[in-house]
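Protein chains in written order, with the working numbering: chain Z, 98 to 356; chain A, 98 to 356; chain C, 945 to 1252; chain D, 945 to 1252; chain L, 749 to 1076.
We put the beta carbon where it would ideally sit given N, CA and C, even for glycine.
Since the structure comes first, as structure tokens, the remarks are kept for the end.
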Ligand SMILES: Nc1ncnc2c1ncn2[C@@H]1O[C@H](COP(=O)(O)OP(=O)(O)OP(=O)(O)O)[C@@H](O)[C@H]1O
Ligand SMILES: Nc1ncnc2c1ncn2[C@@H]1O[C@H](COP(=O)(O)OP(=O)(O)OP(=O)(O)O)[C@@H](O)[C@H]1O
Ligand SMILES: [Mg+2]
Ligand SMILES: [Mg+2]
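See below:
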């Protein structure tokens, strides 16, 4: 199995570039090579989806890009851009109310009180949580917390948005709505998005490219460009078709790994 | 909208029975009616799937059945049976290793050391985490943690297994494997399962019945029996067909709520 | 093990009967359930008049006090020790009554509390700064981390020479003893709180771009608040104990501080007065603890840690 | 704010050059990366000989001590106070040297440490039981919860009459003073730890059918361990301070305990000896803190709280 | 204080900081402060007073420059002299004599009965401790510093000792007034040895007045005025004993919140003697005893007294001079 170099057709400016990045956890007999020489370039305004089996290193990759962990080898460059990461777990702060959590990134930027109140309300509206601003995180359901985390990530106004299974705990309808909203925001704000999901259709619905990672160690094994015209519908035949193709490839990879 | 009384065709013994159960959080102006007069009977050996929009009260319902929260009105009876609940978040104990977490329910039951070691290994093998027994929870990926939580729930040997989006963070392949395993265990141990999910196909793949909850307040609005013969495949046309039907119903409900 | 929850159901089965069948208007249903909830949660809810709420939290205390006084009285009646060694409750309460009726006593309480509050405030300030600094800079931690606990084990009395050297016989000398007694606790509470801030939150903070002061203000301090508060509680205990010793350093004629009065009662071997002062100190300690607990409870409520 | 992580990349960019191009055998690649990791994490890794590791944690301490001694020496040279009030380091270390060369001193240390360990052990036992009971039973909490902090604020010296009443002048009287000084801290640490056990874990415990002792053994105690350890630390400080006071109660023929020796040094106004004892007490305090820290670090490592 | 240099040319300080204990053995200080005798004598020099609970703390304060002069017992003074190698202080006047002794429980009737008993003293190496040890030694009983030997000598602060005696935890104590009276009156103890009986003329120093050498050198005139106040206080006690008792007790009450009981006050005053004579011979003898029982390293006490100013004033007042000689 040789490493497949991602070579996107787009010609925009490289915003995230990884060059044979490896990440190893632990050391000695306890060592675990989570990522092995991953090379990847994400261009400005691109929407890249990451797919891979459970434990293959998707979250690890995001945290490396966000600068939360040190890479063990290789080079990684994001050109000092602002990064926002939506974690796999909601990780809201229990001492803040829902709107307090959403307002926090704005407070840190020094946004005026009235403005951030209003913006938080807008964002909560976007994630369909209007009227929940005064609740505490523990009073929300799992899916609601995830949506608050999304609102908080959007409040960061970052250049690069990294999302780790953001819609995993949502029902299909709410998720469809949020797909539309996310797509709109991505376009309007010219965001660069790296999006981790287990839902292949979701990946095809949203992504410009879908990148497949192998398991232990995580390597880039395939890079599917998605060319259907937007707006796409998750249950459209084109999306379903390409999703089936990618699923087959993924299935083959998981099967290979199982042997 | 009138409450639909669940009236299963099976004739087994009622294991879980709810009679107009209501649950309200908070009080006064802050009150939130999460469940409103839910009546539901689950019979011995049944596999019931719960579907509903994010925040409609599915987790609340499970925690009421498990006796974790007090019901505000109505009656609930599980006849003193052992209940095991797999939470929406993995909620592993950080001070125990992976196998320590899985062994814990057995330790509490007083199972001998050697036996529980062996059983834990079996269970980790079932959830495809062989060799991860000595890791700590923080060294696992999100999906891996969820699988450990599943192994822990299975280790409880309970009569009733409540599962809250157990496979939400798993890729399709791993999930398929676990579907098979869960089905096998359910059959062999004659478990009664209440299973919350957002994936309608998953619900049809696994359930004897699929129950639809409405949002705020949560009410039972539909009870679909699933009669396709087992073993089912998640991508089989029958499953896809009934899933589409249920999805439409769900979509209508969410749309109604949005207005 | 079967999971049982009789209390939840027991209370409800009776209630069910009174529930009218299907209700169409959701609002009405809501109201009714609110009513039921109030009934069901009667023992726990925060509702009820202030007086009732007070009574609910007060009766176990009163009972406890009653039992202690009773046992004490029985021991006295049994004449285990002569009354001038172990006076009875009646004598002590009489003395206590006379004591607290004097303006002098309240002047003393004022003087002492003023010192305690100032000293504790300073200790909190210094302890917080030191704790934050130590947990932030690794070499500093290695250098003085352990010293903090070391300092704490030093009996206040050993600081007297240094206090006099630095501050002569002034109020500052007392404050010095109090601060050096309490600040390490505060710092330790903060350090241990910071050390146990969950990794996920730290990572969230990093992603949100928190650095330096903002990180402390918005993440570290609120996240370590529980441990910090328990550090404050301990710090208070240390500062109070140090104060009782420290007040013997400088005696300002006029208003006699509690520490001096206590020492005098001991010097004069007036058992009844000694016990009176034990009671006074206990009561002050308990009142302060009640304040801390109020803060703690508010915090736990906000964090969603109350209830089962 | 742009997120920067120069340290992560700075270290790596240099390293990259030395990485040979594509490697086929994953094992070989793994080994190489292990090597790189070790290099990169050099400053932090737990590897390296015992001596090196010791040195790494020791140098900031030595530096700190060096600075303190230097400042002290400068103050002495400046003749701010006569040498018999503030003796120089040389004098003190000479006295300290003579002191610790006597067998008597070590006998005293032995006597005192024995008391401290016994008293602290008892305090931990009692504090744990009381803390667990108080946090378990609501009426008990209402009754004596606040009393615990109240007791803590009581200066040890006020317990002397009671200690003599109950135990005459025996070792038990000393232990009583120590235990009553330290147990409240231990209990408070446990209580606050229990109060802050995340709700999710409690619910998991309930689902797993944990009740009574098993719940404490398998859930509450491990979950509240961080706070419990910090309570133990504070409890140690209290017990040591109480002991220093308590040792003046009873003098057992044979070896003179540290508390008595300290008091004597003070009574004789021998500054140099007083400072020597301050150093002795500090060193003992620091050594004990190092033990606690070791426990704490092991715990944090298990919980996955080390590293960024 | 001493740093306040107003009029230093004339040898007068702007203020003097005087220490004393809220204790009946410091009666001249109590009365002098209460009745304004010091301030009267000092004139424009301000009097600032500080109180202490024990000698070591007072010496600490004196060493650190927090006070200029203090009333104090003989042993802390000797220790202060020794540790400062004779540079820190001078004794400038006597104040109190007598008022200490061995109280024991009923049933102990002779020295021989003390064998195997527990006897408390205020602290190792203090006046009473030395007195007890010397007394035991002269009666053929030994007691080591660790509390072992024929008689177990336990250093305990006075409050604890009185308490322990009341509860039967100790068999006796060699204590100063008013504890002596209290143990006799409240706990039915009996006086086995009145220390008075061990000294020539029944006189031995209990309290005296010391001043820092620095202050003495800089402000001799102020020291003289302080002494004037002191002499006036001592004189007042001998002329109006009842008034003196009342004044002392009032000052005690102001300082400690509670006056002594009348009977204890009276009994204590009876056992005490207030005099300007520092009874130097007893100081030297006591130091010698301390050396003998191994509680004091040999120390040269020569020059610890500076009684010149006192004698001048006594002479002017028509009283006999006092001496700093070893034997009178
Ligand atoms: N802090 C850590 N210490 C040690 N190993 C870790 C750590 N974090 C992750 N790993 C390991 O790295 C591998 C990749 O983990 P990662 O979380 O990136 O997976 P993932 O692709 O996000 O999986 P999932 O879809 O289940 O979330 C896993 O095998 C995991 O055990
Ligand atoms: N502890 C609580 N206090 C107050 N309100 C709560 C609490 N727990 C849940 N709720 C509210 O109850 C409603 C139902 O929550 P629940 O967690 O049962 O939803 P859910 O169906 O599991 O949703 P999801 O699919 O997002 O997990 C939500 O509106 C939520 O805000
Ligand atoms: Mg992940
Ligand atoms: Mg849920």
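Check, Outcome
"Does the beta carbon of residue 1170 (chain C) come closer than 8 Å to any beta carbon on chain Z?", "no"
"Taking DSSP's pairing of strands, which residues face residue 140 (chain Z) in a bridge?", "Z:111"
"Taking a cut-off of 6 Å, which residues have a beta-carbon closer than that to any heavy atom of ligand 2, in chain order?", "Z:235, Z:236, Z:237, Z:238, Z:239, Z:240, Z:241, Z:266, A:122, A:123, A:129, A:131, A:149, A:151, A:152, A:153, A:154, A:155, A:156, A:157 and A:185"
"My guess is that residue 1092 (chain C) and residue 1128 (chain C) are in contact by the Cβ rule of under 8 Å, so how many angstroms apart are they, rounded?", "5 Å"
"Can you list, in chain order, the residues of the region 212-246 of chain A whose Cβ is nearer than 8 Å to any Cβ on chain D?", "233, 234, 235 and 236"
"Starting from the N-terminal side, write out each stretch of the alpha helix (DSSP H) that is 4 residues or longer and does not extend beyond the region 1044-1091 of chain C.", "1047-1080"
"Output yes or no for whether 8 Å exceeds the beta carbon distance between residue 854 (chain L) and residue 1109 (chain D).", "no"
"Would you decide whether residue 927 (chain L) is buried or exposed? Buried here means 16 or more other CB atoms lie within 10 Å of its CB.", "buried"
"Is the Cβ of residue 1108 (chain C) closer than 8 Å to any Cβ of chain L?", "yes"
"Roughly how many angstroms separate the alpha carbons of residue 861 (chain L) and residue 950 (chain L), rounded to a whole number?", "25 Å"
"Kindly list, in the order they appear in chain D, the residues whose Cβ is closer than 9 Å to that of residue 1136 (chain C).", "1170, 1171, 1173, 1174, 1177 and 1240"
"Report the rounded CA-to-CA distance for residue 1210 (chain D) versus residue 1218 (chain D), giving the unit in angstroms.", "6 Å"
"Say whether the region 342-353 of chain Z touches the region 186-198 of chain Z, bearing in mind that this needs 3 or more beta-carbon pairs closer than 8 Å, one atom from each stretch.", "no"
"Compute the Euclidean distance between the alpha carbons of residue 1131 (chain D) and residue 1173 (chain C), then round it to the nearest angstrom.", "15 Å"
"Could you please give me the residues that DSSP links to residue 181 (chain Z) through a beta bridge?", "Z:258"
"Using the beta-carbon of each residue, which ones in chain D are nearer than 9 Å to residue 1225 (chain C)?", "1094, 1097, 1098, 1099 and 1102"
"Closer than 9 Å by beta-carbon distance: list the chain C residues that pair up with residue 881 (chain L), in chain order.", "What residue 881 (chain L) touches in chain C: nothing, since even the nearest Cβ is about 25 Å away."
"Once you ignore the five residues that flank residue 1171 (chain C) on each side, which residues in its own chain have a CB closer than 6 Å to its CB?", "1133, 1136 and 1137"
"Anyone know if the C-beta pair for residue 841 (chain L) and residue 975 (chain L) falls short of 8 Å?", "yes"
"Starting from residue 765 (chain L), follow the beta strand (DSSP E) in both directions and report where the run begins and ends.", "763-768"
"Kindly give me the distance between the Cβ atoms of residue 1041 (chain L) and residue 882 (chain L), rounded to whole angstroms, as I take these residues to be in contact under 8 Å.", "6 Å"
"Answer with yes or no whether the minimum CB distance from residue 298 (chain A) to chain Z is below 8 Å.", "no"
"DSSP puts residue 779 (chain L) in a beta bridge; with which residues?", "Answer is none; residue 779 (chain L) lacks a bridge partner."
"Given this structure, state the Cα-to-Cα distance separating residue 972 (chain D) from residue 126 (chain Z), to the nearest angstrom.", "Only weak support is given to the placement of residue 972 (chain D): the predicted model assigns it a pLDDT of 38, under 50, and the question is left unresolved by the model."
"With distance defined between alpha-carbon atoms, name the residue in Z:129, Z:153 and Z:116 nearest to residue 315 (chain Z).", "Z:153"
"Expressed to the nearest angstrom, what Euclidean distance is found between the alpha-carbon atoms of residue 124 (chain A) and residue 130 (chain A)?", "10 Å"
"Name the DSSP bridge partner or partners of residue 321 (chain A)?", "A:307"
"Out of L:811, L:794, L:767 and L:817, which has the shortest C-alpha to C-alpha gap to residue 801 (chain L)?", "L:767"
"Across the region 201-219 of chain Z and the region 283-295 of chain Z, are there enough close Cβ pairs to call them in contact, namely three or more that are closer than 8 Å?", "no"
"Mind pulling the beta strand (DSSP E) runs of 3 or more residues that sit fully within the region 1122-1159 of chain C?", "none"
"If you check the beta carbons only, do residue 814 (chain L) and residue 996 (chain L) fall under 8 Å apart?", "no"
"Run through chain L and tell me which residues come within less than 9 Å of residue 1048 (chain C), C-beta to C-beta.", "1005"
"Do the CB positions of residue 761 (chain L) and residue 960 (chain L) come within less than 8 Å of each other?", "no"
"Let me know the secondary structure DSSP gives residue 133 (chain Z) once reduced to three states.", "strand"
"Between residue 155 (chain A) and residue 1221 (chain C), what straight-line distance do the alpha-carbon atoms span, to the nearest angstrom?", "58 Å"
"Any heavy atom of ligand 3 closer than 7 Å to the beta-carbon of residue 268 (chain A)?", "no"
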